[in-house]
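Take the sequence shown: its position 127, counted from the start at 1, is 126 in numbering that gives the first Met the number 0, and no numbers get skipped.
The beta-carbon is built from N, C-alpha and C at its ideal position, and this holds for glycine as well.
None of the values given here were measured: they were computed from a predicted structure.
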Amino acid sequence: MRVRRGVYVPTEDWLGGTAAHRYALTTASLAVGRPAPVLCRETALLAWGLALPSVPSHVRYRTARRSAAGSVPVGGLYGDVAAVSALYAGLRGESGRLPMGFPDARHFGDGTDAVSMDVPNLGLRLPIEPFDSAIADTLHRLPFVESVVLADAVLAGRGAHSVRRGREDLAALASRLPSAAAKRRMIAVVTFADGLSESVGESLSRALMRELGFEMPQLQVWVHRDGRRVARVDFYWPRLRLVGEFDGAMKYTRAQALSGRTAAEVVLAEKRREDEIRAGGDRVIRWGWDDLVHPERLAMILHRAGVPRSV
């Protein structure tokens, strides 16, 4: 199938991968057959090793010609759609439809300050917008919750390249934005962000709590029993003696890899940990990705546990 003009990939590779894999293929295809443009905004941040809660809608890069700026629709991905759909029926996903590609979004700018980097998730060397330019041009544009995920990661230095910036650094970048509205949006994100969040799921959870109007918890708190530390928990509401835990698949996968235990042993250890927390007098609530994708579910979990709405 054709990713873009002159660039083809095996259809089964495209259909059998995740949306993130298809986005990476589309981004990588920019380097084939011509000088690659400078990646910008969230596409650049992904190349810098940051993670987003969802796959971006467009592959974004700079163009030096103002007349060339704009969105470029995807065309001719599959050729004979009916034939491909029938031949690869088992790879069409839950919707039963062939996944669409990602349109290009060309943004005016000369990109002369680009850096050339090896991008691990693409296996290529590409020109990329400098980190500070990319983060400043992105945080004020994305929805609040997605921007918080990025800002948390930057404060913590998470990501393949471990780029870390302090809150003051991000505020200084915001002060140089061209409009007052953009500055306000970025400052709101930077003020709320917290480098104690240890994953995309934790960052997204906390940002959604804010959007839903709930009282904010403390992060990465040690809970005790009989004078000894029992566990460090994701979220804690001390007045309610309530522990909140985000259950992401990566948490268990990482724990398994680090400890060398089987999946069953990791789950059993987590069960014992929770029993210890409860025995110390704290309650425990849990949520996962489905609850974040459907925030009303997270709201119900918090409400039933007695987490108050902020005044």
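Does DSSP put residue i in a helix, a strand or coil?
{"i": "His106", "result": "strand"}
{"i": "Ala278", "result": "helix"}
{"i": "Glu273", "result": "helix"}
{"i": "Gln255", "result": "Here Gln255 scores only 48 on pLDDT, less than 50, and its place in the model is too uncertain to base an answer on."}
{"i": "Pro34", "result": "coil"}
{"i": "Asp193", "result": "coil"}
{"i": "Tyr87", "result": "coil"}
{"i": "Pro294", "result": "helix"}
{"i": "Met116", "result": "strand"}
{"i": "His20", "result": "helix"}
{"i": "Val8", "result": "coil"}
{"i": "Ala181", "result": "helix"}
{"i": "Asp233", "result": "strand"}
{"i": "His160", "result": "coil"}
{"i": "Arg40", "result": "helix"}
{"i": "Phe101", "result": "coil"}
{"i": "Ala304", "result": "coil"}
{"i": "Gly243", "result": "strand"}
{"i": "Leu51", "result": "coil"}
{"i": "Val265", "result": "helix"}
{"i": "Val222", "result": "strand"}
{"i": "Arg228", "result": "strand"}
{"i": "Gly69", "result": "strand"}
So, using beta-carbon positions, are residue i and residue j closer together than 7 Å?
{"i": "Ala133", "j": "Leu44", "result": "yes"}
{"i": "Ala173", "j": "Lys182", "result": "yes"}
{"i": "Arg285", "j": "Ala230", "result": "no"}
{"i": "Leu97", "j": "Ser84", "result": "yes"}
{"i": "Arg64", "j": "Arg40", "result": "no"}
{"i": "Ala104", "j": "His57", "result": "yes"}
{"i": "Thr190", "j": "Phe101", "result": "no"}
{"i": "Leu38", "j": "Ile127", "result": "yes"}
{"i": "Arg228", "j": "Trp221", "result": "yes"}
{"i": "Trp47", "j": "Phe130", "result": "yes"}
{"i": "Ala159", "j": "Ala192", "result": "no"}
{"i": "Gly279", "j": "Arg224", "result": "yes"}
Quick one: measure Cβ to Cβ for residue i and residue j, integer angstroms, because I've assumed they're closer than 8 Å.
{"i": "Leu123", "j": "Ala30", "result": "5 Å"}
{"i": "Gln152", "j": "Leu49", "result": "Here the sequence assigns Ala to residue 152, which means Gln is not the residue at that position. With a Cβ gap of about 5 Å, Ala152 and Leu49 count as contacting."}
{"i": "Arg296", "j": "Asp290", "result": "4 Å"}
{"i": "Leu51", "j": "Val148", "result": "6 Å"}
{"i": "Val306", "j": "Glu210", "result": "Contact doesn't hold; Cβ gap of about 14 Å is too wide."}
{"i": "Tyr294", "j": "Leu207", "result": "Here the sequence assigns Pro to residue 294, which means Tyr is not the residue at that position. The pair is a contact, with the Cβ atoms about 5 Å apart (cut-off 8 Å)."}
{"i": "Tyr87", "j": "Thr10", "result": "6 Å"}
Output needed for residue i: all residues of its chain with C-beta closer than 6 Å, excluding positions within five of it in sequence on either side, in chain order.
{"i": "Met185", "result": "Leu138, His139 and Ala173"}
{"i": "Arg3", "result": "Ser28"}
{"i": "Phe245", "result": "Gly200, Glu201, Ser204 and Asp233"}
{"i": "Gly78", "result": "none"}
{"i": "Leu257", "result": "With a pLDDT of 43 at Leu257, under the threshold of 50, the modelled position of that residue is not reliable, and no figure is offered here."}
{"i": "Val118", "result": "Ala46 and Leu125"}
{"i": "Ala254", "result": "Residue placement at Ala254 is flagged as unreliable, the pLDDT there being 46, under the threshold of 50; a coordinate-derived value is accordingly withheld."}
Please return the same chain residues whose Cβ sits closer than 8 Å to the Cβ of residue i, not counting the five positions on each side in sequence.
{"i": "Arg277", "result": "Val283"}
{"i": "Leu176", "result": "Ala135, His139, Lys182 and Met185"}
{"i": "Ser309", "result": "Gly212, Phe213, Glu214 and Met215"}
So, for residue i: in the same chain, excluding its five sequence neighbours on each side, which residues have a beta-carbon less than 7 Å away from its beta-carbon?
{"i": "Ala68", "result": "Thr62, Arg105, His106 and Phe107"}
{"i": "Val80", "result": "Leu97"}
{"i": "Ala113", "result": "Val37, Pro126, Ile127 and Glu128"}
{"i": "Val8", "result": "Met0, Val2 and Leu24"}
query: Do three or more CB pairs link the region 138-158 to the region 189-207 at distances below 8 Å?
result: yes
message: If contact is defined by three or more beta carbon pairs under 8 Å, each pair taking one atom from either stretch, is the region 192-199 in contact with the region 153-169?
response: yes
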